[in-house]
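K.L.:
Top to bottom, those sequences are chains L and F.
Count along the first sequence from 1, then add 13; that gives the number in our numbering.
Count along the second sequence from 1, then add 13; that gives the number in our numbering.
Ideal Cβ positions, reconstructed from N, Cα and C, are used throughout, including at glycine.
2 protein chains.
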Amino acid sequence: MFSIGELSKRTKVKVPTIRYYEQMGLLAEAERTSGNQRRYDKAGLERLSFIRHARDLGFSIDAISSLIELQEHPDRSCEAATNIARSQLEDVRAKIKRLKTLEQELSRISKGCDGDGVSGDCYVLASLADHALCDREH
Amino acid sequence: MFSIGELSKRTKVKVPTIRYYEQMGLLAEAERTSGNQRRYDKAGLERLSFIRHARDLGFSIDAISSLIELQEHPDRSCEAATNIARSQLEDVRAKIKRLKTLEQELSRISKGCDGDGVSGDCYVLASLADHALCDREH
DNA sequence: CTTGAACCTCTAGTCGCTAGAGACATTACA
DNA sequence: TGTAATGTCTCTAGCGACTAGAGGTTCAAG
Numbered sequence: 014m015f016s017i018g019e020l021s022k023r024t025k026v027k028v029p030t031i032r033y034y035e036q037m038g039l040l041a042e043a044e045r046t047s048g049n050q051r052r053y054d055k056a057g058l059e060r061l062s063f064i065r066h067a068r069d070l071g072f073s074i075d076a077i078s079s080l081i082e083l084q085e086h087p088d089r090s091c092e093a094a095t096n097i098a099r100s101q102l103e104d105v106r107a108k109i110k111r112l113k114t115l116e117q118e119l120s121r122i123s124k125g126c127d128g129d130g131v132s133g134d135c136y137v138l139a140s141l142a143d144h145a146l147c148d149r150e151h
Numbered sequence: 014m015f016s017i018g019e020l021s022k023r024t025k026v027k028v029p030t031i032r033y034y035e036q037m038g039l040l041a042e043a044e045r046t047s048g049n050q051r052r053y054d055k056a057g058l059e060r061l062s063f064i065r066h067a068r069d070l071g072f073s074i075d076a077i078s079s080l081i082e083l084q085e086h087p088d089r090s091c092e093a094a095t096n097i098a099r100s101q102l103e104d105v106r107a108k109i110k111r112l113k114t115l116e117q118e119l120s121r122i123s124k125g126c127d128g129d130g131v132s133g134d135c136y137v138l139a140s141l142a143d144h145a146l147c148d149r150e151h
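#1: So for Phe15 of chain F, helix, strand or coil by DSSP?
#2: Taking only beta carbons into account, state which residues of the region 100–124 of chain L come closer than 8 Å to chain F, listed in chain order.
#3: Suppose you measure from the CA of Leu58 of chain F to the CA of Arg121 of chain F; what does that come to, to the nearest Å?
#4: So the candidates are L:Pro29, L:Ile17, L:Ile77 and L:Ser123; which of them puts its Cα closest to the Cα of Ala93 of chain F?
#5: Looking at chain L, is there any beta carbon in it that lies within less than 7 Å of the beta carbon of Gly57 of chain F?
#6: For the alpha helix (DSSP H) holding Arg106 of chain L, just list the boundary residues, first then last.
#7: Within its chain, find whatever has a CB closer than 6 Å to the CB of Tyr136 of chain F; leave out the 5 residues flanking it on each side and keep chain order.
#8: Could you tell me the distance, in whole angstroms, from the CA atom of Thr30 of chain L to the CA atom of Glu118 of chain F?
#9: Can you check whether the C-beta of Leu83 of chain F is within less than 7 Å of a C-beta belonging to chain L?
#10: According to a CB-to-CB cut-off of less than 9 Å, which residues of the region 128–145 of chain F neighbour chain L?
#11: Kindly indicate which residue of L:Ala142, L:Glu103, L:Asn96 and L:Glu116 has the alpha-carbon position closest to the one of Asp104 of chain F.
#12: Among the residues of its own chain, which have a CB less than 8 Å from the CB of Leu40 of chain L, if the five just before and after it don't count?
#13: Among F:Glu85, F:Lys27, F:Gln50 and F:Ser73, which has the Cα closest to the Cα of Leu102 of chain F?
#14: Kindly say whether Asp54 of chain F, judged by its beta-carbon, lies nearer than 7 Å to any beta-carbon of chain L.
#15: Going along chain F in order, which residues have a C-beta closer than 7 Å to the C-beta of Phe15 of chain L?
#16: May I ask which residues mark the beginning and end of the alpha helix (DSSP H) holding Lys55 of chain F?
#17: Measuring straight from C-alpha to C-alpha, what distance separates Met14 of chain F and Asp54 of chain F?
#18: Across which residues does DSSP place Arg51 of chain F in a beta bridge pair?
#19: Exposed or buried, which one is Ala76 of chain F when buried takes at least 16 other CB atoms within 10 Å?
#20: Excluding five sequence neighbours on each side, which residues of the same chain lie with their C-beta closer than 8 Å to the C-beta of Gly38 of chain F?
#21: CB-CB under 7 Å to Ser21 of chain L, same chain, minus the five flanking residues each way: which ones, in chain order?
#22: Does the separation of the CB atoms of Leu112 of chain L and Ile109 of chain F fall below 7 Å?
#23: If you measure between the beta carbons of His86 of chain L and His144 of chain F, is that distance less than 7 Å?
#24: At a CB distance below 8 Å, what residues from the region 61–87 of chain L approach chain F? Give them in sequence order.
#25: Going by beta carbon distance, what residues of the same chain come within less than 7 Å of His138 of chain F, once the five residues before and after it are set aside?
#26: Can you check which of these residues, L:Asn49, L:Gln50 and L:Arg99, is closest to Gly71 of chain L by C-alpha distance?
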């Protein structure tokens, strides 16, 4: 059994974040010492690692809740889990697509001005003011 | 002179968002009718278009504040503006990089399970539980 | 037995909006 | 001119996923 600080060190999840996850119902309420401090065991460590890994991959708290629910019922169909993962993948792909468009545009705008002029002539500012100067929709 | 609703239609920025921008100091306080309603002119329309364009490109409210400040002083050096744009570009590139790593990992995980099994055997869930199953750092 | 670090709960702040309540203004039409 | 519908006003609170800080308690080492 170890403290929340120890759990934090091992998982690299900050202490207040661990308490937040407990409050959100992602982590079961931890056992307490007589002095009311949380104590964790291997199971707690594994659950938190799962959560952290999922968060790192961008899953929402809600999605993680569902994944944990499934994890706790190994006999259920895992269709929901694969759906969540796929939808997250689509999300990520959509974000990449959008960001690539932005990258193009920002790179073009940035190249238009080397920063040694005066802002009245700045291509960056002109581009922002006038959407017509853009290459494509974004 | 036109109303906030009209401005909203023309810029595709929602009415409460316009008021929010005013509150944040991005938009100057609008003129008012005798009945206290905001009225805008071409200058207001242009400023809001600028803001919307910058937001679309992912600039923060703070960054936009600085850009507007520069725009209003056409005699100043535009170094700050190009710096803001370049830093935004770097930001976007960093995000793309991270998302691509996530995409790889999510795609690999998703492929590992077609969803017709039982969650006890689900590769999606197993991968989340055990970081060692991952291809690379993320 | 004391000290200092770690822990507790609670509230409020972050960012960029968005939603809703309850009241007032404007506009279109009869 | 009356009235009804729509638009606008201010204010407060909520979203997600934390983070920061206050003020107090408990634990572990020496």
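P.N.:
Well, looking at it:
#1: strand
#2: Gln101, Leu102, Val105, Arg106, Lys108, Ile109, Leu112, Lys113, Leu115, Glu116, Glu118, Leu119, Ser120, Ile122 and Ser123
#3: 47 Å
#4: L:Ser123
#5: no
#6: Glu92 to Lys124
#7: Gly125 and Cys126
#8: 24 Å
#9: yes
#10: Gly128, Asp129, Gly130, Val131, Ser132, Gly133, Asp134, Cys135, Tyr136, Val137, Leu138, Ser140, Leu141, Ala142, Asp143 and His144
#11: L:Glu116
#12: Ile31, Tyr34, Gly57, Arg60, Leu61 and Ile64
#13: F:Ser73
#14: no
#15: Residues of chain F passing the Cβ test: none, with the nearest at roughly 20 Å.
#16: Lys55 to Asp69
#17: 5 Å
#18: F:Arg45
#19: buried
#20: Ser78
#21: Lys27, Val28 and Ile31
#22: yes
#23: no
#24: Ser62, Phe63, His66, Ala67, Asp69, Leu70, Gly71, Leu80, Leu83, Gln84, His86 and Pro87
#25: Here residue 138 of chain F turns out to be Leu, not His, going by the sequence shown. Ser132, listed in sequence order.
#26: L:Arg99
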